[in-house]
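Student: Reading the sequence shown from the start, the letters are residues 411 to 838 in our numbering.
The C-beta atom is built at its ideal place from N, Cα and C for all residues, glycine as well.
This structure is in structure tokens; I'll ask about it shortly.
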Amino acid sequence: MPCGSTALSAGLIPAAGTRFQHSLGISDSAAQFAADIRRKAHDETDPTIVDVIARESGMTVEWLADRHGFPFTLVNDFDYPGHSVRRMHGLPTRSGVELIDRLRQTADQQEIPILGKATVVGLFADAERVIRGVEIIRPNGKREWLGCQALILACNGYGGAPDLVARYIPEMRDAQYFGHAGNTGDAVLWGQALGAKLLHMSGYQGHGSVAHPHGVLITWAVIMEGGFQVNVMGERFSDESRGYSEQAAVVLAQPEGKAFDIFDERIAAIARQFEDFRQAEALGAVIEAATIGQLAERLKLPLSALVESFREVEAAKRTSGADRFGRSFAGRPLLSPPFKAVRVTGALFHTQGGLAVDDEARVLAEQGAQLPNLFAAGGAAAGVSGSLASGYLSGNGLLTATVLGRIAGRSAANLVRGGNRSTRLTGP
Ligand SMILES: Cc1cc2nc3c(=O)[nH]c(=O)nc-3n(C[C@H](O)[C@H](O)[C@H](O)COP(=O)(O)OP(=O)(O)OC[C@H]3O[C@@H](n4cnc5c(N)ncnc54)[C@H](O)[C@@H]3O)c2cc1C
């Protein structure tokens, strides 16, 4: 069964100018989305790729909805860091399992064969670096060969390869990897062997809010809606609103590598739209308390420090100004009992570096132009987040998996049909 990190995700896809936004009176455009991506990525990304992805994001979500019946709705009860408007689209359960199941069903309906239990162990390329096929290995050790006229690498990045993480992202070498274990960097290794260009290899998506020890994602809504984090000493330590990706390393740098998300019942009600959050509650990861004193006791935190953290956040909410970390709580109500808390840690979700591609998702060579018939999308391709964890704008992962994936499919089909005669292939 297909799963991957997509099945582990919350399944939220950012897209601009969609009918889902229009119906809620939200005005957005590809240009505004592209500007948000570039700003968060510290202007490190290729503007041409960003523009194409932002432009095609709306049509990709509407194509999945209108042509293939995906029942998307817009997440419209909290803001994601870095997005100037609300543009996260999700399926009813807000879970990646639902997204991957619908993708699989759609592939079935289109009679697109999917081979399970088949690990690709190598590519066959000729002297011109035209990919002629792949070698797969079955669980019983049997090897098989498949010819191809074009190949799209959609095998994500190298989060599941500790040696590659240590080499490219040393700050996360000891962090828990929270993505799919099968993502062991094959696209990068094959690309290197073919002389492909690698880009932004130190970039990654982390998350600073994974329930510990339960291992369940706690949505960043609990922070963005007016919650905050304290460390095991009960003290705040950062501007949590900058983004959940960069917060992974910040939380891991705290004593014991742990923190507590602090919020209240109003915020929990918003978070409950996420399947993950409901699971976390069922597992007992979400602690409830009627008073700050009871909360300190249940979390085993020093009372005076926790009271001071609450006081500081309340003061910031009352003045609407920036606090000592530079965070503004403007428009966020004061927390009120019953209070909620989750013990969390930071984790590596997926890598953002990968094969450099052009605006048709064709893999670029280190020297020269594109490889003749090799495409990459999702985590196999370099993302649009630049070289730093802080460059990751919420949703950049599924954005390039879906939008660049659709572009790659279209480009590969054009190539095979002879749309691009200069690279037209003959025979398998
Ligand atoms: C907990 C969590 C929550 C997330 N939430 C979101 C979110 O809400 N929105 C968002 O935009 N992003 C989110 N992300 C990131 C997002 O999941 C990924 O960016 C996205 O799923 C990448 O898609 P992909 O198709 O590139 O890879 P995957 O979905 O990981 O698929 C790659 C597949 O390729 C397989 N594979 C690898 N190598 C081989 C090989 N040699 N042979 C055969 N198969 C191979 C893997 O086993 C895997 O099944 C989240 C990530 C995590 C971990």
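(1) Does the distance from the C-beta atom of S538 to that of P782 stay below 8 Å?
(2) Starting from S619, trace the beta strand (DSSP E) both ways and give me its first and last residue.
(3) Since A725 sits in a beta bridge, which residues does DSSP pair it with?
(4) Could you check whether the region 807-816 touches the region 667-680, counting it as contact only if at least three pairs of C-beta atoms, one from each stretch, sit closer than 8 Å?
(5) Does ligand 1 have even one heavy atom less than 7 Å from the beta-carbon of D489?
(6) What did DSSP end up calling I524 once you bin it into helix, strand or coil?
(7) Within the same chain, show all residues whose beta-carbon is closer than 7 Å to that of E685, passing over the 5 residues directly before and after it, in chain order.
(8) Output needed for V531: all residues of its chain with C-beta closer than 6 Å, excluding positions within five of it in sequence on either side, in chain order.
(9) According to DSSP, simplified to helix, strand and coil, what is R827?
(10) Cβ-heavy atom distance between I423 and ligand 1 below 7 Å?
(11) Restricting to Cα atoms, I'd like to know which of V620, Y568 and T529 is closest to P549.
(12) According to DSSP, is E645 helix, strand or coil?
(13) Just to confirm, are V773 and I463 a CB contact at a threshold of 8 Å?
(14) Whole angstroms are fine: how far does the CA of C558 sit from the CA of V485?
(15) By the three-class DSSP mapping on this structure, what secondary structure does R742 have?
(16) Who pairs with I672 in a beta bridge, going by DSSP?
(17) In this structure, does DSSP put L556 in helix, strand or coil?
(18) Roughly how many whole angstroms lie between the Cα atoms of L604 and A597?
(19) Using a 10 Å radius around the Cβ and a threshold of 16 neighbouring Cβ atoms, would you call A441 buried or exposed?
(20) Taking only runs of the beta strand (DSSP E) that begin and end inside the region 746-820, which ones reach a length of at least 3 residues, in chain order?
(21) Drop a sphere of 10 angstroms on the beta-carbon of R831, count the other beta-carbons inside from all chains shown, and report buried for 16 or more, exposed for fewer.
(22) DSSP on T455, reduced to helix/strand/coil?
(23) Closest to S719 by C-alpha separation, out of L758, F488, F647 and G778, would be which residue?
(24) Need the endpoints of the alpha helix (DSSP H) that H499 sits in, please.
(25) Taking 8 Å as the threshold (C-beta atoms), are F785 and I562 in contact?
(26) In chain order, what residues of the same chain lie with their CB nearer than 8 Å to the CB of T755, ignoring the 5 residues before and after it?
(27) Inspect the CB distances between the region 573-585 and the region 801-808 and report whether three or more fall short of 8 Å.
(28) Let me check understanding here. Comparing Cα to Cα, which of A451, A445 and Q683 lies closest to S800?
(29) Straight-line CA distance for A517 to G414?
(30) Go ahead and label K552 buried or exposed: buried means 16 or more other beta carbons lie within 10 angstroms of its beta carbon, across all protein chains shown.
(31) Tell me, please, which residues DSSP counts as bridged to Y587.
(32) Should G788 go down as buried or exposed, given a rule of 16 or more other Cβ atoms within 10 Å for buried?
(33) Between which two residues does the alpha helix (DSSP H) holding A445 run?
(34) Assuming A678 and K750 make a contact with CB atoms under 8 Å, what is their CB distance in whole Å?
(35) Need the endpoints of the alpha helix (DSSP H) that E650 sits in, please.
(36) With a threshold of 8 Å, are at least 3 pairs of Cβ atoms found where one atom belongs to the region 740-749 and the other to the region 691-702?
Tutor: With the structure as the only source:
(1) Position 128 of the sequence shown, counting from 1, holds the residue named residue 538. Position 372 of the sequence shown, counting from 1, holds the residue named residue 782. Inspection of the sequence shows that residue 538 is occupied by Glu rather than by Ser. A contact, by the Cβ cut-off of 8 Å.
(2) Against the sequence shown, residue 619 aligns to sequence position 209. In the DSSP annotation of this structure, the continuous segment of the beta strand (DSSP E) that includes S619 starts and ends at Y614 to A621.
(3) Here residue 725 refers to the residue found at position 315 of the sequence shown. Looking at the DSSP assignment, A725 forms no beta bridge with any residue, so it has no partner.
(4) No, because fewer than three Cβ pairs between the region 807-816 and the region 667-680 fall closer than 8 Å, the two stretches do not touch.
(5) Along the sequence shown, one-based indexing puts residue 489 at 79. No, the Cβ of D489 stays beyond 7 Å of every heavy atom of ligand 1.
(6) As a position in the sequence shown, residue 524 is number 114, starting the count at 1. Correct three-state label for I524: coil.
(7) Counting from one through the sequence shown, the residue named residue 685 turns up at place 275. Cβ within range, chain order: T503, R504 and S505.
(8) Counting from 1 along the sequence shown, the entry for residue 531 is found at position 121. The answer, listed in chain order, is E545 and I547.
(9) As a first step, residue 827 is located in the sequence shown; it is residue number 417 there, counting from the start. Annotated three-state conformation of R827 is coil, per DSSP.
(10) The sequence position of residue 423 within the sequence shown is 13, counting from 1. In this structure, I423 has its CB closer than 7 Å to one or more heavy atoms of ligand 1.
(11) Taking the sequence shown and counting its residues from 1, the one referred to as residue 549 is at position 139. Comparing Cα positions, the closest option is T529.
(12) Residue 645 sits at position 235 when you count from the first residue of the sequence shown. DSSP places E645 in coil when its eight states are reduced to three.
(13) Indexing the sequence shown from 1 puts residue 773 at position 363. Indexing the sequence shown from 1 puts residue 463 at position 53. No, Cβ-Cβ distance for V773 and I463 is not below 8 Å.
(14) As a first step, residue 485 is located in the sequence shown; it is residue number 75 there, counting from the start. As a first step, residue 558 is located in the sequence shown; it is residue number 148 there, counting from the start. Roughly 40 Å separates the two Cα atoms.
(15) Translated into the one-based positions of the sequence shown, residue 742 becomes position 332. DSSP places R742 in coil when its eight states are reduced to three.
(16) For the purposes of this step, residue 672 is identified with residue 262 of the sequence shown, where counting begins at 1. BP columns for I672 point to F638 and A751.
(17) Position 146 of the sequence shown, counted from the first residue, corresponds to residue 556. Reduced to three states, the DSSP call for L556 is strand.
(18) On the sequence shown, position 194 is the one that residue 604 refers to. On the sequence shown, position 187 is the one that residue 597 refers to. Answer to the nearest angstrom: the Cα atoms are 10 Å apart.
(19) Reading the sequence shown from its first residue, position 31 is the one you call residue 441. A441 is exposed by the Cβ-count criterion.
(20) The region 746-820 contains these whole beta strand (DSSP E) runs: 749-761, 772-774 and 780-786.
(21) For the purposes of this step, residue 831 is identified with residue 421 of the sequence shown, where counting begins at 1. Reliability of the predicted coordinates at R831 is poor, the pLDDT of 42 falling under 50, and the value obtained from them is presented with this limitation in mind. By the 10 Å Cβ count, R831 comes out exposed.
(22) The residue given as residue 455 occupies position 45 in the sequence shown. Coil, per DSSP.
(23) In the sequence shown, counting from the first residue as 1, residue 719 sits at position 309. Per the Cα distances, F647.
(24) Sequence index remark: in the sequence shown, residue 499 carries index 89 (1-based). Looking at the DSSP string, H499 is not in any alpha helix (DSSP H); the run it does join, the beta strand (DSSP E), is M498 to G500.
(25) Counting from 1 along the sequence shown, the entry for residue 562 is found at position 152. Counting from 1 along the sequence shown, the entry for residue 785 is found at position 375. Contact flag set, yes.
(26) Locating residue 755 in the sequence shown gives position 345, where the first residue counts as 1. Scanning its chain for C-beta atoms nearer than 8 Å, with the 5 sequence neighbours on each side dropped, one finds around T755 the residues Q586, V620, H622, V661, L662, G667, K668 and A669, in chain order.
(27) With contact defined as three or more Cβ pairs closer than 8 Å, the region 573-585 and the region 801-808 are not in contact.
(28) The residue labelled residue 800 in the question sits at position 390 within the sequence shown. Residue nearest to S800 within the set A451, A445 and Q683 is A451 (criterion: CA-CA distance).
(29) As a working note, residue 517 is residue 107 in the sequence shown. As a working note, residue 414 is residue 4 in the sequence shown. Rounded to whole angstroms, A517 to G414 spans 16 Å at the Cα level.
(30) Along the sequence shown, one-based indexing puts residue 552 at 142. K552 should be labelled exposed.
(31) Looking up residue 587 in the sequence shown gives position 177. According to DSSP, residue pairing for Y587 in a beta bridge involves L758.
(32) Residue numbering aside, residue 788 sits at position 378 when the sequence shown is read from its first letter. It counts as buried.
(33) Residue mapping note: residue 445 aligns to position 35 of the sequence shown, counting from 1. It spans A440 to K450 - the alpha helix (DSSP H) in which A445 sits, taken as one unbroken run.
(34) The residue labelled residue 678 in the question sits at position 268 within the sequence shown. The residue labelled residue 750 in the question sits at position 340 within the sequence shown. In this structure A678 touches K750 by the C-beta definition: roughly 5 Å separates them, less than 8 Å.
(35) Working through the sequence shown from its first residue, we reach residue 650 at position 240. Boundaries cannot be given for E650, as no alpha helix (DSSP H) includes it and DSSP labels it neither H nor E.
(36) Short answer: they touch.
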